[in-house]
């Protein structure tokens, strides 16, 4: 599996994920990949990060990390039933 992120400014890193993605693995990606990417691309700390409501992404440790870094970028809440708002799926269609 591959984890990916992108913005209107640049593509983010393609991160290979071994095994199952859980809270700890996701937090590692956020801390060591997302955070540096956002700091580089959004120098004014005006970036917005969107994630879905998968259980491990809304866990207490992940939520606490985002609260701790809330001045560096905004976490956009994900609406409960929004399959049409998945930008990665739309990007994959164009890359095929």
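Residue numbers (mature numbering (1 follows the signal peptide of the UniProt record, and there is no 0)): -19 to -1, 1 to 77. Don't be surprised by glycine CBs; every beta carbon is placed ideally from N, CA and C. Note that the structure is a prediction, hence the values are computed from the model and not measured.
For residue i, the residue or residues it bridges with in DSSP
i: residue 31; result: 57
Residue i - containing alpha helix (DSSP H), residue span
i: residue 19; result: 16 to 22
i: residue 44; result: 41 to 49
i: residue 7; result: 4 to 10
Host beta strand (DSSP E) of residue i (start-end)
i: residue -18; result: -18 to -14
i: residue -6; result: -9 to -4
Of the residues the options, the one placed nearest residue i, counting alpha carbons only
i: residue 14; options: 46, -15, 39; result: -15
i: residue 18; options: 8, -10, 51; result: -10
i: residue 54; options: 23, 38, -13, 39; result: 23
i: residue 2; options: 29, 16, 38; result: 38
i: residue -3; options: 16, 28, -18, 40; result: -18
i: residue 45; options: 11, -12, -13; result: 11
i: residue 33; options: -1, 59, 74, 50; result: 59
Within 8 Å, strictly: CB atoms of residue i and residue j
i: residue 26; j: residue 52; result: yes
i: residue 8; j: residue 35; result: no
i: residue 30; j: residue 57; result: yes
i: residue 40; j: residue -13; result: no
Cutoff 8 Å: residue i Cβ touching any chain C Cβ
i: residue 57; result: Structure shown: chain C not included; a single protein chain is present.
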